[in-house]
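**Q** Numbering-wise (numbering that gives the first Met the number 0), the sequence shown opens with residue 0 and increments by one.
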Amino acid sequence: MKVCKFGGTSMADAKVIGQACDIVQADPERRIMVVSAPGKRDGGDRKVTDLLIACAEARLRGEDAAAEKRAVLERFDAIRSDLGLADDFDREIAADLDARLAADPKHRGRFADSLKAAGEDYAARLVAAELRRRGAAARYVSPREAGMLLSDEYGNAQLLPESYASLAKLARAEGIVVFPGFFGHTRAGEVVTFPRGGSDITGSILAAAVQADLYENFTDVDSVFAANPAIVPGPEPIRELTYHEMRELSYAGFNVLHEEAVIPSIRAGVPICVKNTRRPEGPGTRIVRERAYEAGRAVGIASAEGFCTIFVSKYLMNREIGFGRRVLQIFEEEGLSYEHMPSGIDNLSIILREQAMSPEAERHVTKRLRSELDTEDVSVERGLALIMIVGEGMRYAVGMAARATAAFARAGVNIEMMNQGSSEISMMFGVKAVDLPKAVQSLYKAFFKS
Ligand code: ASP
Numbered sequence: 000m001k002v003c004k005f006g007g008t009s010m011a012d013a014k015v016i017g018q019a020c021d022i023v024q025a026d027p028e029r030r031i032m033v034v035s036a037p038g039k040r041d042g043g044d045r046k047v048t049d050l051l052i053a054c055a056e057a058r059l060r061g062e063d064a065a066a067e068k069r070a071v072l073e074r075f076d077a078i079r080s081d082l083g084l085a086d087d088f089d090r091e092i093a094a095d096l097d098a099r100l101a102a103d104p105k106h107r108g109r110f111a112d113s114l115k116a117a118g119e120d121y122a123a124r125l126v127a128a129e130l131r132r133r134g135a136a137a138r139y140v141s142p143r144e145a146g147m148l149l150s151d152e153y154g155n156a157q158l159l160p161e162s163y164a165s166l167a168k169l170a171r172a173e174g175i176v177v178f179p180g181f182f183g184h185t186r187a188g189e190v191v192t193f194p195r196g197g198s199d200i201t202g203s204i205l206a207a208a209v210q211a212d213l214y215e216n217f218t219d220v221d222s223v224f225a226a227n228p229a230i231v232p233g234p235e236p237i238r239e240l241t242y243h244e245m246r247e248l249s250y251a252g253f254n255v256l257h258e259e260a261v262i263p264s265i266r267a268g269v270p271i272c273v274k275n276t277r278r279p280e281g282p283g284t285r286i287v288r289e290r291a292y293e294a295g296r297a298v299g300i301a302s303a304e305g306f307c308t309i310f311v312s313k314y315l316m317n318r319e320i321g322f323g324r325r326v327l328q329i330f331e332e333e334g335l336s337y338e339h340m341p342s343g344i345d346n347l348s349i350i351l352r353e354q355a356m357s358p359e360a361e362r363h364v365t366k367r368l369r370s371e372l373d374t375e376d377v378s379v380e381r382g383l384a385l386i387m388i389v390g391e392g393m394r395y396a397v398g399m400a401a402r403a404t405a406a407f408a409r410a411g412v413n414i415e416m417m418n419q420g421s422s423e424i425s426m427m428f429g430v431k432a433v434d435l436p437k438a439v440q441s442l443y444k445a446f447f448k449s
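1) Take Arg-74 as the anchor and find which of Ile-309, Phe-88 and Asp-63 has the nearest alpha-carbon.
2) Using the Cα positions of Pro-263 and Lys-431, report the straight-line distance between them to the nearest angstrom.
3) In the DSSP assignment, the alpha helix (DSSP H) including Asp-112 goes from what residue to what residue?
4) Which whole runs of the beta strand (DSSP E) in the region 135-190 are 3 residues long or more, in chain order?
5) Give a yes or no on whether the C-beta atoms belonging to Thr-48 and Gly-118 are separated by under 8 Å.
6) Consider the C-beta atom of Ala-55 and the heavy atoms of ligand 1; say whether any pair is separated by less than 7 Å.
7) With DSSP as the reference, label Tyr-314 as helix, strand or coil.
8) Would a C-beta distance cut-off of 8 Å place Val-23 and Met-32 closer than the cut-off?
9) Please indicate yes or no: does the CB of Ala-102 lie closer than 7 Å to some heavy atom of ligand 2?
10) With respect to 7 Å, is the separation between the Cβ of Phe-178 and the closest non-hydrogen atom of ligand 1 below this value?
11) If I measure Cβ to Cβ from Glu-173 and keep anything under 7 Å in the same chain, skipping five residues before and after, which residues do I get?
12) Taking Glu-78 as part of the beta strand (DSSP E), name the residues at either end of that continuous run.
13) Between which two residues does the alpha helix (DSSP H) holding Phe-193 run?
14) Measuring alpha carbon to alpha carbon, tell me which residue in Phe-428, Glu-289 and Val-273 is nearest Ile-350.
15) Got a sec: does ligand 1 put a non-hydrogen atom nearer than 7 Å to the Cβ of Glu-119?
16) Since Pro-37 and Ile-78 are thought to touch, with beta carbons under 8 Å apart, how far apart are those beta carbons, to the nearest angstrom?
17) Taking Cβ positions, are Ala-55 and Ala-111 nearer each other than 8 Å?
18) Quick one: Cα of Ala-291 to Cα of Thr-185, how far?
19) Please classify Asn-413 as buried or exposed, where buried requires at least 16 neighbouring CB atoms within 10 angstroms.
20) With DSSP as the reference, label Arg-277 as helix, strand or coil.
21) Residues in its own chain within less than 6 Å of Met-399 by CB, not counting five upstream and five downstream?
22) Can you find the residues in the same chain that come closer than 8 Å, C-beta to C-beta, to Leu-435, ignoring five residues on each side of it along the sequence?
23) May I ask whether a heavy atom of ligand 1 can be found less than 7 Å away from the beta carbon of Phe-217?
24) Can you tell me whether DSSP reads Leu-256 as helix, strand or coil?
25) Please name the residue or residues paired with Tyr-337 in a DSSP beta bridge.
26) Starting from the C-beta of Asn-317, find all residues in its chain whose C-beta is less than 8 Å away, skip the five residues before and the five after it, and write them out in chain order.
27) Pairing CB atoms from the region 395-411 with CB atoms from the region 321-332, are three or more of them under 8 Å?
28) Can you have a look at Leu-315 and say buried or exposed, based on whether 16 or more other CB atoms are within 10 angstroms of its CB?
29) Under the criterion of a Cβ to heavy atom distance below 7 Å, does Thr-8 qualify as lining ligand 1?
30) Does DSSP put Ala-102 in a helix, a strand or coil?
31) Please state whether DSSP places Ile-414 in a helix, a strand or coil.
32) Per DSSP, what are the beta-bridge partners of Glu-215 in this structure?
33) Identify which residue in Asp-41, Arg-29, Glu-28 and Pro-27 has its Cα closest to the Cα of Thr-8.
34) Which of the three DSSP states is assigned to Arg-409 in this structure?
35) Have a look at Lys-444 and Ala-410 and give me their C-alpha separation to the nearest angstrom.
36) For Ala-355, which residues of its own chain have a beta-carbon under 6 Å away from its beta-carbon, when the five flanking residues on both sides are left out?
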């Protein structure tokens, strides 16, 4: 059997919901359908989850949230009427939304999660009704009924492993199960959500629980590409990549699936396929545990701007036991997560995401590094971009770094930093953000066009 998940853009209006239903009905193995809340229909539109968050925030400010509520109901009403379903559904969801809004907002996280989860819940009820209208045996199954228990970390929940035994029973359900993504319940019975984008996680958990043959993730792109199409025109599609390759690529901006969504399926040995709802006949991209690879071949080049470096130098640093720990302790105490730490004999650099490093945090950290560690120099450079070249085929392959550095040289780009060896399947380079496009274009030519 296959578990298929449809993202927000595949739920955005009646037309695309119809396409999602066609996909499910076209293959009797597609027996569990996980849905997101309706996403954006066009550029100026808002996602239903964002509208629901606005509802929660209005209530938490003590307002009546009438306008926000109307916006949510209008989205569902438009979908329901375009699908040609009876209007009792509108009354049902209006009453349900009122009940959620009337709950005690004292516990802010719990209150907000109950509202955030409503989008997926209503979408699943609507889709089940549409499938039945088409004559399919389809049933909405709630996370509560199926036993999807989550930790009580509101907005950031994790599955409680004991849920797997209950969820496994879905494999024996008759007909098509339509399941809302993104939320579950705590042991105390409260609604709680995964992090944003978490319907991918629901799908992956269900695929693992029922030991599916495939987890199909339907979205709005044909496949994952070997480089960012905004930088390299018409890049190669990636047909297959391993979970490790995906992790390395996601590090520098490749947004394939929600990170936590891959692990349950891959651990259970269920392959994942990312496909386009609007062109389901295409091969998409498969994410697998292992794959055959050709030595010397890269699978993709990921790149992202928005990093900064803190350089720390101190004479005889290499002889001072515990220096690195004390540097990192300062970052830990300031609540800053670091990405890399290349080091030399008397200096080291800490690379962080620029977003995390407010001017205030920068002042604080640099002051502490100077005063507590007696450093000679501490300086900060912003505007760094990272480029990752990734591929299982890079294991033990000779000449990969030479090919990459020659490509940088041809593009006239100075390499500010290089990290090769901590992962066998990737090489990482730091360049000035302004040099990013020409560096990626030159690397793409070197690794994919030759
Ligand atoms: N609707 C939720 C969000 O926008 C979850 C999801 O779509 O996966 O984050």
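Where is the CB? At the ideal position from N, CA and C, for every residue including glycine.
Model, not experiment: these values are computed from the prediction.
**A** Well, looking at it:
1) Of the candidates Ile-309, Phe-88 and Asp-63, the one whose C-alpha sits nearest the C-alpha of Arg-74 is Phe-88.
2) Straight-line Cα distance between these residues: approximately 37 Å.
3) First-last of the alpha helix (DSSP H) with Asp-112: 107-115.
4) Annotation: the region 135-190 contains the following complete segments of the beta strand (DSSP E) (minimum length 3 residues), in chain order: 137-139, 175-179 and 182-184.
5) Yes.
6) Result no, Cβ not under 7 Å from ligand 1.
7) Coil at Tyr-314, not helix or strand.
8) Yes, they are a contact pair.
9) The ligand content of the structure shown is limited to ligand 1, which means ligand 2 is not among them.
10) Phe-178 has its Cβ no nearer than 7 Å to any heavy atom of ligand 1.
11) Cβ within range, chain order: Ala-136.
12) Going by the sequence as given, residue 78 is Ile instead of Glu. Not the beta strand (DSSP E): Ile-78 falls in the alpha helix (DSSP H), residues 65-82.
13) Annotation: Phe-193 is outside any alpha helix (DSSP H) and is labelled neither H nor E by DSSP.
14) Ranking the options by Cα distance to Ile-350, first place goes to Phe-428.
15) Flag set: Cβ of Glu-119 near ligand 1.
16) Contact holds; Cβ gap of about 7 Å.
17) Cβ distance < 8 Å, so Ala-55 and Ala-111 count as in contact.
18) Put simply, the backbone Cα of Ala-291 is about 41 Å away from that of Thr-185.
19) By the neighbour-count criterion, in which a residue is buried when 16 or more other Cβ atoms sit within 10 angstroms of its Cβ, Asn-413 is exposed.
20) Coil, per DSSP.
21) The answer, listed in chain order, is Met-393.
22) Excluding positions up to five away in sequence, the list reads Ile-230, Ser-302, Glu-304, Ala-384 and Ile-386.
23) Relative to ligand 1, the beta carbon of Phe-217 is positioned no closer than 7 Å to any heavy atom.
24) Correct three-state label for Leu-256: coil.
25) Answer by DSSP bridge pairing, in chain order: Leu-351.
26) Within the same chain, and ignoring the five residues on either side of Asn-317 in sequence, the residues whose Cβ sits closer than 8 Å to its Cβ are Ile-344 and Asp-345.
27) With a cut-off of 8 Å, the region 321-332 and the region 395-411 do not count as touching, because too few Cβ pairs lie within range.
28) Flag for Leu-315 reads exposed.
29) Using a cutoff of 7 Å, the CB of Thr-8 does not count as near ligand 1, since none of the ligand's heavy atoms is closer than that.
30) Note: Ala-102 maps to coil in three-state DSSP.
31) Here Ile-414 sits in coil by DSSP.
32) DSSP output for Glu-215 lists Cys-3 and Cys-272 as bridge partner(s).
33) A check of alpha carbon separations from Thr-8 across Asp-41, Arg-29, Glu-28 and Pro-27 identifies Asp-41 as the nearest.
34) Three-state result, Arg-409: helix.
35) C-alpha separation (whole angstroms): 11 Å.
36) So the list reads Leu-335, once near-sequence residues are dropped.
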